[in-house]
Amino acid sequence: MSGRTARVAGAFRERTGRDPDGVWAAPGRVNLIGEHTDYNDGFVLPAAIDRLVRVAAGRRRDGRLRLWSLQTEPPADLAVAEVGPGRVEGWAAYPAGVAWALGRAGVEVAGADLVVDGDVPAGSGLSSSAALECATATALADLHGAELDRPTLAALARRAENEVVGVPSGVMDQMVSMLGRAGHALFLDTRSLETEQVPLPLEEASLRLVVLDTRAGHRLVDGAYADRRAACEAAAATLGVPALRDATLEQVEGAAGALGDPGLRRARHVVTENARVLAAVELLRAGDLDRLGPLLAASHASLRDDYEVSSDELDTAVEAAVAAGAVGARMTGAGFGGSAIALVPTGLVGPVADRVADAFAAAGFAAPEVTAVIPADGAHRLA
Ligand code: ADP
Ligand code: MG
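Take any residue in the sequence shown, count from 1 to its spot, add 228: that is its number in the working numbering.
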């Protein structure tokens, strides 16, 4: 048992006085490209990363869920039957929501003790929430002998977040946390849920995937996120298409008057971003990682100017990384703070980190956290 696995198993024993029945884990993610496309039936290209939420789990037969986190207080002790939309406070809503969603999928959770230990930083845009949900979903499904496939587990993890936590997120984060594969990015069509594992041979290309965490939590994210979703739905209705996935750039620009401002810019971001995902997948299929730079730059500019979900910190991080030699960089995740990613030649990770830190200091921002991550496997059992 590796160090972190033994640690969460030990924490489980301390709290419950027995051994866990198993330890499961699911990763956080970065999104290489395809931002704010997932609720428009569009394309995304995320990768699971080597940051995990681990869950040590033990069966119960009394219908109770007892939940602890080594990162977050307070613990929770609740009846599975009491869980539902709006009925659980705080972090416990994520794992409890998963138990509820499993029930909706026909797997009645008989109760469980869960101890959570994560190294996906919460609120940094690396989707610790999906990692927590997916680790819990695999743990509870295995404990109950439920043979649900990974897309089904991803869908019910998302349902927990949407309905019990109350965050109207798309399905990208849970899909990649379930289906990610080491050394690959996951090309996902969020309409058909078709997936393709696309090789991401960073080492062969002498590149590192670097996370630039601005340490500015996603401010304003709730209202602004809902606002962007509503703008997309309105634009699709104006264009007479089921979703912006179905619109072309010509259609959007031709309807400039009807879409107005910012409707035109919101729709233009989604339509051009979908095209950038397809172009990025083509480059990866051809092994041309070092040609991703212009696509990452165009994605960031579109998110900053048309979609208006970047922040001063994210813009500063992206500019500094590119100035220090990154092949490309862009914000990742919903925006308004959180993290950016950069593709960096192996020898330049230190200089990029220094340049970003200097730029943050000069702008009076809190120190950023710069770390390389590795494309990793999706949810799995550790012990
Ligand atoms: P992100 O998914 O970008 O990290 P979210 O706001 O969607 O940010 O999710 C963060 C929330 O997920 C935390 O506030 C907490 O409720 C929950 N969470 C994440 N990791 C853990 C953990 N290790 N223990 C308990 N709760 C966690
Ligand atoms: Mg989240």
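Idealized CB from N, CA, C, for every residue including glycine.
**Message:** What does DSSP give as the partner residue(s) for Arg513 in the beta ladder?
**Reply:** Arg513 pairs with nothing; no bridge assigned.
**Item:** Straight-line gap, Arg315 to Glu389 (C-alpha atoms, nearest Å)
**Value:** Arg315 and Glu389: Cα-Cα distance of roughly 13 Å.
**Request:** Have a look at Arg494 and Thr500 and give me their C-alpha separation to the nearest angstrom.
**Result:** Inter-residue distance for Arg494 and Thr500 is about 10 Å (C-alpha atoms, whole angstroms).
**Request:** Report the residue ranges of all alpha helix (DSSP H) runs contained in full by the stretch 513-596; include only those spanning at least 4 residues, in chain order.
**Result:** Listed in chain order, the alpha helix (DSSP H) runs fully inside the stretch 513-596 are 521-533, 540-551 and 577-591, counting runs of at least 4 residues.
**Asked** Are there 16 or more other CB atoms within 10 angstroms of the CB of Ser539, so buried, or fewer, so exposed?
**Response** Here Ser539 is buried, its C-beta having at least 16 other C-beta atoms within 10 Å.
**Request:** Measure the alpha-carbon distance for Gly351 versus Tyr322 and round it to whole angstroms.
**Result:** Rounded to the nearest angstrom, the gap between the Cα atoms of Gly351 and Tyr322 is 14 Å.
**Asked** With Leu437 and Val601 assumed to form a contact (beta carbons below 8 Å), what rounded beta-carbon distance in angstroms separates them?
**Response** Leu437 to Val601, Cβ: 6 Å. Contact.
**Item:** Beta-carbon proximity of Ala557 to Ala570, cut-off 9 Å
**Value:** Annotated as proximal: Ala557 and Ala570, with beta-carbon spacing under 9 Å.
**Message:** Could you check whether the Cβ of Asp401 sits closer than 8 Å to any heavy atom belonging to ligand 2?
**Reply:** It does: the Cβ of Asp401 is within 8 Å (strictly closer) of some heavy atom of ligand 2.
**Request:** Identify every residue that forms a DSSP beta bridge with Pro429.
**Result:** Here Pro429 is not bridged, per DSSP, to any residue.
**Counted within 10 angstroms of its Cβ, other Cβ atoms place Leu520 as buried (16 or more) or exposed** = With 16 or more other Cβ atoms from the protein chains shown falling within 10 Å of its own Cβ, Leu520 counts as buried.
**Message:** Spatial neighbours of Leu421 within its chain, please: C-beta separation below 7 Å, excluding the five flanking residues on both sides.
**Reply:** Within the same chain, Leu421 has close Cβ partners Pro379.
**Prompt:** From what residue to what residue does the alpha helix (DSSP H) around Asp370 run?
**Reply:** Counting along the chain, the alpha helix (DSSP H) containing Asp370 begins and ends at Ser356 to Leu371.
**Item:** Supposed contact pair Thr418 and Val399 - C-beta distance, whole angstroms, cut 8 Å
**Value:** About 6 Å; that satisfies the 8 Å criterion.
**Request:** Could you check the C-alpha separation between Ala465 and Leu430 for me, to the nearest Å?
**Result:** Roughly 41 Å separates the two Cα atoms.
**Message:** Classify Gly245: buried if its beta carbon has 16 or more other beta carbons within 10 angstroms, exposed otherwise.
**Reply:** Gly245 comes out exposed.
**Asked** Less than 8 Å between the CB of Glu389 and some heavy atom of ligand 2, yes or no?
**Response** For Glu389, the distance from the CB to the nearest heavy atom of ligand 2 is below 8 Å.
**Message:** Please tell me whether, using a cut-off of 8 Å, the distance from the CB of Val326 to the nearest non-hydrogen atom of ligand 2 is below it.
**Reply:** Outside the cutoff, so no.
**Message:** Assuming the contact rule is C-beta atoms closer than 8 Å, Gly256 and Arg279 should be a hit. Round their C-beta distance to whole Å, please.
**Reply:** The beta-carbon separation of Gly256 and Arg279, rounded to 5 Å, stays under the 8 Å limit for a contact.
**Identity of the residue in Ser567, Pro579 and Gly515 nearest Asn259 by Cα** = The candidate whose alpha carbon is nearest that of Asn259 is Ser567.
**Message:** Taking the alpha helix (DSSP H) that Asp401 belongs to, which residues open and close that run?
**Reply:** Asp401 -> alpha helix (DSSP H) spans Met400 to Leu407.
**Request:** Quick one: using the 10 Å Cβ neighbour count with 16 as the cut-off for buried, is Ser355 buried or exposed?
**Result:** If you draw a 10 Å sphere on the C-beta of Ser355, you find 16 or more other C-beta atoms in it, and that means buried.
**Asked** ligand 1 heavy atoms versus the CB of Thr300: any closer than 8 Å?
**Response** Flag set: Cβ of Thr300 near ligand 1.
**Request:** Report yes or no: do three or more beta-carbon pairs, one from the stretch 548-563 and one from the stretch 511-526, lie closer than 8 Å?
**Result:** Touching, yes, given that three or more Cβ pairs across the two stretches are closer than 8 Å.
**Prompt:** Any idea what DSSP makes of Leu384, helix, strand or coil?
**Reply:** Secondary structure at Leu384: helix, using DSSP grouped into helix, strand and coil.
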